[in-house]
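Visitor: Quick note: UniProt numbering has the sequence shown finishing at residue 282, numbered continuously throughout.
The structure is given below, and queries will be raised subsequently.
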Amino acid sequence: MNILTFDIEEWFHILDNDSTRTESEWSRYESRIHQNMDLIFQLLDETNSRATFFCLGWVADKHPDVIRRIDAAGYEIATHSYAHQLAYEQTPAQFQADLERSIKHLQDLTGKKVRSYRAPGFSIKEYNRWVFPILVEQGIEIDCSVFSARRAHGGDASLKLFEPGYLNVGGTLLKEFPINTAAVLGQDLIFSGGGYFRLFPYGMIKELMRRSPYVMTYFHPRDFDAGQPMIPGLSRTRKFKSYYGLQNCWPKLKQLLLEFPFVDLAGADQQVDWTKVVERVV
């Protein structure tokens, strides 16, 4: 099972960086969301692919036409928060208010229930699992935030969840579609989205795909924008992670979509036999 998803945010929504930290900084930057979304729609059209779009409420607020276009094309819309803040830097009250705001903006635009959520930067760690009860309270049925490996902005390796399963949230079962890993020379590697996908050569990604019974992808509009400006204040390492491989990401993903079958999150939900999945208490 291979799942295709996109996190819909602007090119300047770089986490944990002073020059792009909050909404007050974002007004300094030009918008590139429309031209980058054009590339995504072209990619999906040319490969006849379905995908789920995890959208920021901020994008729905500032560029409602983007959300309407996604919805009009028949693609599934989920939430990626409102203001793209790291969940573990928020209080539970701040997180809940942000989530409510995001859901409201998206549902008001589409008239459809928002069922699924992904945390910015997969920013759920062992100490902020209080996120999950709030998701359930707000009507979220599917989460895609679990990253069972070490990561700069998140990751909860103790959950050890690498394929679809249940999170037991105080007796309520929340469906989880985590990020997958692949074992290479004794190391668990992530290869299916963002900077990881841009870094690895296509031949390696193809082989890891072939070996993986479950793959959860995640891409951003900025991943296909080789002409985007350089964000000020980034370290040399962050520059490499944010800008390496932009030129080849679009053709690389197109080739992947032509060679492997993919479904959106709704399609994946229907394929899973939920009577046989693992369950983790959170």
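Glycine included, C-beta positions come from ideal geometry on N, C-alpha and C.
All values derive from a computational prediction rather than experimental measurement.
When burial is assigned at 16 or more other CB atoms within 10 Å of the CB, is F240 buried or exposed?
Guide: Counting Cβ neighbours within 10 Å, F240 comes out exposed, since fewer than 16 surround it.
Visitor: Take N168 and list the residues in its own chain whose beta-carbon comes closer than 6 Å to its own, dropping the five residues that flank it on each side.
Guide: So the qualifying residues of the chain are E279, V281.
Visitor: Helix, strand or coil for T47? Go by DSSP, reduced to three states.
Guide: DSSP places T47 in helix when its eight states are reduced to three.
Visitor: In angstroms with no decimal places, state the Cα-to-Cα distance between residue 298 and C55.
Guide: Residue 298 is absent from the structure shown; the chain starts at 1 and stops at 282.
Visitor: According to the neighbour-count rule (16 or more other Cβ atoms, all chains shown, within 10 Å of its Cβ), is Q94 buried or exposed?
Guide: So Q94 counts as exposed.
Visitor: Just verifying my parser: in three-state terms, what is the DSSP assignment at R280?
Guide: Strand, per DSSP.
Visitor: Nearest to T110 by CA position, among V136, F41, G57, D16, is which residue?
Guide: For T110, the nearest C-alpha among the options comes from G57.
Visitor: Can you find the residues in the same chain that come closer than 7 Å, C-beta to C-beta, to S212, ignoring five residues on each side of it along the sequence?
Guide: Cβ within range, chain order: N180, A182.
Visitor: Residues in the same chain with beta-carbon distance under 6 Å from C144, minus the five sequence neighbours each way, listed in chain order, please.
Guide: Once the five neighbours on either side are set aside, the close Cβ partners of C144 are R118, F177.
Visitor: Might you give, ordered along the chain, the residues of its own chain that have their beta carbon closer than 8 Å to the beta carbon of P221, omitting 5 neighbours on each side?
Guide: Around P221: F6, I8, E9, E10, W11, R32, I33, N36, M37, L39, I40.
Visitor: Please confirm whether L265 and S102 have their CB atoms less than 8 Å apart.
Guide: Result no, Cβ atoms of L265 and S102 do not sit closer than 8 Å.
Visitor: Could you give the first and the last residue of the continuous alpha helix (DSSP H) run that contains F262?
Guide: Here F262 belongs to no alpha helix (DSSP H), and DSSP marks it neither H nor E.
Visitor: If you measure between the beta carbons of A51 and L106, is that distance less than 8 Å?
Guide: Not closer than 8 Å, so no.
Visitor: Does DSSP classify F197 as helix, strand or coil?
Guide: If DSSP states are grouped into helix, strand and coil, F197 belongs with the helices.
Visitor: Helix, strand or coil, according to DSSP, for E25 in the structure here?
Guide: Three-state DSSP puts E25 in a helix.
Visitor: To the nearest angstrom, report how far apart D269 and F262 are at their CA atoms.
Guide: Cα to Cα, D269 sits roughly 13 Å from F262.
Visitor: Could you check what DSSP says for I131 in three-state terms: helix, strand or coil?
Guide: The sequence as given places Val at residue 131; Ile does not occur at that position. Note: V131 maps to helix in three-state DSSP.
Visitor: With DSSP run on the structure shown, which of helix, strand or coil describes C144?
Guide: Here C144 sits in coil by DSSP.
Visitor: Beta carbon of R198, beta carbon of Y244: below 8 Å?
Guide: Cβ atoms of R198 and Y244: closer than 8 Å.
Visitor: Between the alpha carbons of K62 and L258, how many angstroms are there, rounded?
Guide: Straight-line Cα distance between these residues: approximately 33 Å.
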